[in-house]
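Going down the list, the protein sequences come from chains E and G. With numbering that gives the first Met the number 0, the residue at position 23 of the first sequence is 22, and numbering never jumps. With numbering that gives the first Met the number 0, the residue at position 146 of the second sequence is 145, and numbering never jumps. Cβ coordinates follow ideal geometry from the N, Cα and C atoms, glycine included. See structure below.
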Amino acid sequence: MAKTDKTMITRRNLLAKLGLATGAAYVAPTLMGMDTASASTGSAASRPSGPSRPSRPSRPSRPSRPSRPSGPSRPSRPSRPRNAAGQRAFDWRWDPATMRWVRVTPTP
Amino acid sequence: MTFGTKIRSEAATSGPDTVLRFPDVDVQVALTQAAPVADALGTVLRGWVPDQVAAIDPDMRQTSVIGTKGLYAARSSYLGETIEGLGVAGAACAVIADLAEDYFSTRPGCLALHCAAFRFNDRLIAMTGPSRAGKSTLAARVTLENDMMLFCDDVLPLLPTGDAVGLGIAPRLRLPLPVACTDAFRTHVANHKGPSDARYAYLCAPNVAPHSTSAPLSVLLILDRRDDTPARLHHVAEDEALHFLLSQNMADLQTADAAFHRLSALLSGITCLRLVYADLEEALALIRHAFGGSEAVNPDVAIGPVLPKVLTTPLPLSDMSPDLIWSRQPDVTMQTKGDAAFLWQPGIQMIWHMNQLGLAIWTLLEIPGSAHDIAEVLADHFPDQDKAGLIADVNALLQALARDGLIVAED
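Here is the structure:
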């Protein structure tokens with residue numbers, strides 16, 4: 000039996016073990032990242048120093064690729080008031096390209 | 000010179016006229032020409048009574064509010080910048096946000112769940128969901144019920160002991176009230192309206208739980224507000240419930256592994272359901288009926304099946320060759336929840352959530368392979384699916400996994 004045939008059989012067995020049913024409704028694969036750190040951990044602003052946390056290890060650089068759309072933003076802080084112009088002074092958005100929370104000025 | 004610069008420079012010469020220290024937090028509140036803000040805090044905070052001290056402690060965090068001509072500038076030690084032009088209600092809100100944030104930051108291991116929560120029939124019911132799902136309005140509506148006690152409308156502390164704590168903060172209601180609100184609710188809001196501005200009003204009703212009231216969490220409702228649909232409950236897939244908890248927790252859980260296990264343990268001890276509704280009164284009546292008896296959920300209440308996930312975000316098409324051979328990063332931890340999976344790596348505070356087909360592709364990567372190889376096996380299970388589309392979908396996931404460092408291309 001050719002190696003590729005054996006590999007195919009093994010792969011089919013892996014799926015069988017997983018219990019993926021034949022003819023199941025097709026839903027495209029998804030991957031969503033969530034940060035388990037507090038919102039300001041990755042940003043340049045501005046918490047006064049608290050207990051130190053292990054920093055994110057460096058990663059090897061990769062060729063640039065098209066960025067993914069960001070997932071729904073995570074609430075990061077207790078609700079705060081808006082300024083006189085009726086806007087929050089700023090907001091936070093998870094930037095998957097840099098894997099950091101970034102501060103953004105909300106649009107009116 | 001801006002308004003804020005002017006009042007800050009004036010305050011610098013005179014110093015605050017009131018310094019407040021609240022129990023259970025390490026932040027001090029310095030008020031300068033802001034007596035109405037102090038009064039507002041006294042109205043909005045229930046059972047969270049500060050001591051007035053003579054002077055600022057330079058070693059403590061400080062939130063300052065400086066007033067002039069009826070407007071206030073609030074400077075938060077957490078935000079590192081000043082919000083200017085606030086009214087009394089806005090300035091009080093700025094102080095309260097810092098008090099809440101400090102409560103969490105000084106309690107390692109305390110979860111901060113973005114939700115509304117209330118006690119009813121000896122059980123604590125939390126309501127979370129996406130933005131604009133109606134958490135705040137439902138929380139405010141709960142204060143009209145004499146046998147319910149509101150713990151929070153924004154953020155709920157969950158201690159490592161398993162107890163949730165009410166901070167004693169009155170709900171902050173967005174104005175105007177929804178058109179469909181009943182006259183009884185409107186009257187209630189009018190009767191208990193506290194500090195307010197054009198957009199928000201604190202609702203200082205008597206059944207806000209006093210500061211430090213605690214109870215174990217019993218029920219988590221994921222709110223799903225829709226147009227013109229009867230109120231009903233649905234089961235929630237395990238992975239979706241965990242996804243909600245991970246995404247609605249504001250506290251730092253230090254590691255992805257700790258976050259996964261802590262929140263999984265929390266879910267295992269509570270009832271988690273989706274509340275689909277359109278009408279506020281119907282939703283409340285259903286909650287009362289479902290959780291008002293001795294059973295976890297009243298057997299009379301029909302619970303619908305898990306609804307299709309609304310969390311999915313389509314992945315962008317890949318620009319990489321579908322013939323690249325990929326293998327898993329060996330240090331990735333994978334845990335299944337129902338038919339989905341969560342992935343993380345040591346030292347990185349991210350958790351990735353994959354759906355069922357994502358899990359199938361991850362499983363197939365036990366043997367290094369390409370998008371072509373994987374799609375060929377999957378095609379047996381999805382005979383109606385276009386092969387090219389399947390390859391493109393697999394390649395899109397592989398690109399996303401590679402970009403996040405979870406798989407690597409083989410030489």
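> In the structure shown, what three-state DSSP assignment does G/Thr-254 receive?
Replying inline: Numbered from its first residue, the second sequence carries residue 254 of chain G at position 255. Reduced to three states, the DSSP call for G/Thr-254 is coil.
> DSSP beta-bridge partners for G/His-113?
Replying inline: Sequence index remark: in the second sequence, residue 113 of chain G carries index 114 (1-based). DSSP, once it has assigned bridges, lists G/Val-154 as partnering G/His-113.
>> Rounding to the nearest angstrom, what Cα-Cα distance links E/Met-7 and G/Ile-373 in this structure?
In response: Residue 7 of chain E sits at position 8 when you count from the first residue of the first sequence. Residue 373 of chain G sits at position 374 when you count from the first residue of the second sequence. Each residue's Cα considered, the two are about 9 angstroms apart.
> Relative to chain B, which residues along the stretch 346-363 of chain G have a C-beta separation below 8 angstroms, given in chain order?
Replying inline: The structure shown contains no chain B; the protein chains it does contain are E and G.
> If you count every other CB in all the chains shown that lies within 10 Å of the CB of E/Ser-60, and 16 or more means buried, which is it?
Replying inline: By 1-based counting over the first sequence, the position of residue 60 of chain E is 61. Low local confidence applies: a pLDDT of 29 at E/Ser-60 is under 50, so the model's placement there is unreliable, with the coordinate-based value given in what follows. Exposed, because fewer than 16 other Cβ atoms sit within 10 Å of the Cβ of E/Ser-60.
> Counting along the chain, where does the alpha helix (DSSP H) carrying G/Arg-425 start and finish?
Replying inline: Lying before the first or after the last residue shown, residue 425 of chain G is absent from chain G, which here runs from 0 to 410.
> Is G/Ile-302 closer than 8 angstroms to G/Leu-232 when the C-beta atoms are compared?
Replying inline: The count along the second sequence starts at 1 and reaches residue 232 of chain G at position 233. The count along the second sequence starts at 1 and reaches residue 302 of chain G at position 303. Yes, the pair counts as a contact, with Cβ atoms nearer than the cut-off.
>> Counting C-beta neighbours from all protein chains within 10 Å, is the total for G/Ser-474 16 or more, i.e. buried, or is it exposed?
In response: The structure shown does not extend to residue 474 of chain G, since chain G is modelled only from 0 through 410, so no value can be given for it.
> Considering G/Lys-414, what are the terminal residues of the beta strand (DSSP E) in which it resides?
Replying inline: Chain G is shown only over 0 to 410; residue 414 of chain G falls outside these bounds and no answer can be derived.
>> Counting only beta-carbon separations shorter than 8 angstroms, does G/Phe-381 have a partner in chain E?
In response: What you label residue 381 of chain G is simply residue 382 of the second sequence in a count that begins at 1. For G/Phe-381, the answer is yes, since a Cβ of chain E falls inside 8 angstroms of its Cβ.
>> Does G/Asp-50 come out as helix, strand or coil in the three-state DSSP assignment?
In response: Locating residue 50 of chain G in the second sequence gives position 51, counting from the first residue. Strand.
> Taking just the CA atoms, how far does G/Lys-68 sit from G/Asn-190?
Replying inline: Here the question's residue 190 of chain G lines up with position 191 in the second sequence. Here the question's residue 68 of chain G lines up with position 69 in the second sequence. Approximately 28 angstroms, taken between the alpha carbons.
> Can you give the Cα-Cα distance for G/Gln-27 and G/Gly-165, rounded to whole angstroms?
Replying inline: Walking along the second sequence from the start, residue 27 of chain G turns up at place 28. Walking along the second sequence from the start, residue 165 of chain G turns up at place 166. Using only the alpha carbons, I get a separation of about 20 angstroms.
> Just reading off the alpha helix (DSSP H) that G/Gln-247 is part of, what are its end residues?
Replying inline: Here residue 247 of chain G corresponds to residue number 248 of the second sequence, with the count starting at 1. Here the alpha helix (DSSP H) through G/Gln-247 covers 237-247.
>> Between E/Asp-34 and chain G, is the shortest Cβ-Cβ distance under 8 angstroms, so that the two count as touching?
In response: Walking along the first sequence from the start, residue 34 of chain E turns up at place 35. Yes, contact with chain G.
>> Quick check on DSSP: helix, strand or coil for G/Gly-368?
In response: As a position in the second sequence, residue 368 of chain G is number 369, starting the count at 1. DSSP, reduced to helix, strand and coil, places G/Gly-368 within a strand of the structure shown.
>> For the stretch 245-263 of chain G against the stretch 194-214 of chain G, do three or more pairs of beta-carbon atoms, one drawn from each stretch, fall closer than 8 angstroms, so that the two count as touching?
In response: Contact between the stretch 245-263 of chain G and the stretch 194-214 of chain G is absent, because fewer than three Cβ pairs lie under 8 angstroms.
> chain E partners of G/Arg-171, CB-CB under 8 angstroms?
Replying inline: In the second sequence, residue 171 of chain G corresponds to position 172, counting from 1. Here the neighbours are Ser-78.
> Using the beta-carbon of each residue, which ones in chain E are nearer than 9 angstroms to G/Met-148?
Replying inline: As a working note, residue 148 of chain G is residue 149 in the second sequence. Neighbours of G/Met-148 on chain E: none; closest Cβ ~20 angstroms, over 9 angstroms.
> Roughly how many angstroms separate the alpha carbons of G/His-411 and G/Arg-273, rounded to a whole number?
Replying inline: Nothing in the structure corresponds to residue 411 of chain G, since chain G is present only between 0 and 410.
>> I'd like the list of long-range same chain contacts for E/Pro-62, defined as Cβ closer than 6 angstroms, with 5 residues on each side in sequence excluded.
In response: Numbered from 1 along the first sequence, position 63 holds the residue referred to as residue 62 of chain E. For E/Pro-62, the predicted structure reports a pLDDT of 29, less than 50, and the residue's modelled location is therefore unreliable. The matter cannot be settled from this model.
> Under 8 angstroms between C-beta atoms, does E/Ser-42 make it to chain G?
Replying inline: Against the first sequence, residue 42 of chain E aligns to sequence position 43. With a pLDDT of only 29 at E/Ser-42, under the threshold of 50, the placement of this residue in the model should not be trusted; the figure read from the coordinates follows. Chain G contact via Cβ: absent.
> Under 8 angstroms between the Cβ atoms of G/Leu-40 and G/Ala-96?
Replying inline: By one-based count along the second sequence, residue 40 of chain G stands at place 41. By one-based count along the second sequence, residue 96 of chain G stands at place 97. No. Outside cutoff.
>> Which residues does DSSP list as the beta-bridge partners of G/Gln-27?
In response: By one-based count along the second sequence, residue 27 of chain G stands at place 28. Answer is G/Arg-20 and G/Gln-61, bridged to G/Gln-27.
> DSSP state of G/Val-164, grouped into three classes?
Replying inline: By 1-based counting over the second sequence, the position of residue 164 of chain G is 165. Residue state, collapsed to three classes: strand.
> Hey, which unbroken runs of the beta strand (DSSP E) at 3 residues or more fall wholly within the stretch 270-337 of chain G?
Replying inline: 270-276, 325-327 and 332-336
>> Just verifying my parser: in three-state terms, what is the DSSP assignment at G/Asp-223?
In response: Along the second sequence, read from residue 1 onward, the residue named residue 223 of chain G stands at position 224. Three-state result, G/Asp-223: strand.
>> Could you tell me the alpha carbon to alpha carbon distance between G/Leu-241 and G/Leu-262, rounded to whole angstroms?
In response: Position 242 of the second sequence, counting from 1, holds the residue named residue 241 of chain G. Position 263 of the second sequence, counting from 1, holds the residue named residue 262 of chain G. Distance between G/Leu-241 and G/Leu-262, taken at the CA atoms: about 7 angstroms.
>> Would the stretch 49-67 of chain G count as touching the stretch 152-166 of chain G if we require 3 or more Cβ pairs under 8 angstroms?
In response: The stretch 152-166 of chain G and the stretch 49-67 of chain G do not touch, with fewer than three beta-carbon pairs separated by less than 8 angstroms.
>> Classify G/Arg-185: buried if its beta carbon has 16 or more other beta carbons within 10 angstroms, exposed otherwise.
In response: In the second sequence, residue 185 of chain G corresponds to position 186, counting from 1. Counting Cβ neighbours within 10 Å, G/Arg-185 comes out exposed, since fewer than 16 surround it.
> Is it true that the CB of G/Val-43 sits closer than 8 angstroms to the CB of G/Ala-73?
Replying inline: Within the second sequence, the letter at position 74 stands for residue 73 of chain G. Within the second sequence, the letter at position 44 stands for residue 43 of chain G. No, the Cβ-Cβ distance between G/Ala-73 and G/Val-43 is not below 8 angstroms.
> Where does G/Gly-357 sit, in a helix, a strand or coil, going by DSSP?
Replying inline: Counting from 1 along the second sequence, the entry for residue 357 of chain G is found at position 358. Correct three-state label for G/Gly-357: helix.
> Does G/Gln-384 have its Cβ less than 8 angstroms from a Cβ in chain E?
Replying inline: Position 385 of the second sequence holds residue 384 of chain G. It does: the Cβ of G/Gln-384 has a partner Cβ on chain E nearer than 8 angstroms.
> Any residues in the stretch 300-328 of chain G with a beta carbon nearer than 9 angstroms to a beta carbon of chain E? Which ones, in chain order?
Replying inline: Pro-307, Lys-308, Leu-310, Thr-311, Thr-312, Pro-313, Leu-314, Pro-315, Leu-316, Ser-317, Asp-318 and Met-319
>> Quick check: is the beta carbon of G/Ile-82 nearer than 8 angstroms to any beta carbon in chain E?
In response: Here residue 82 of chain G corresponds to residue number 83 of the second sequence, with the count starting at 1. Yes, G/Ile-82 counts as interfacial toward chain E.
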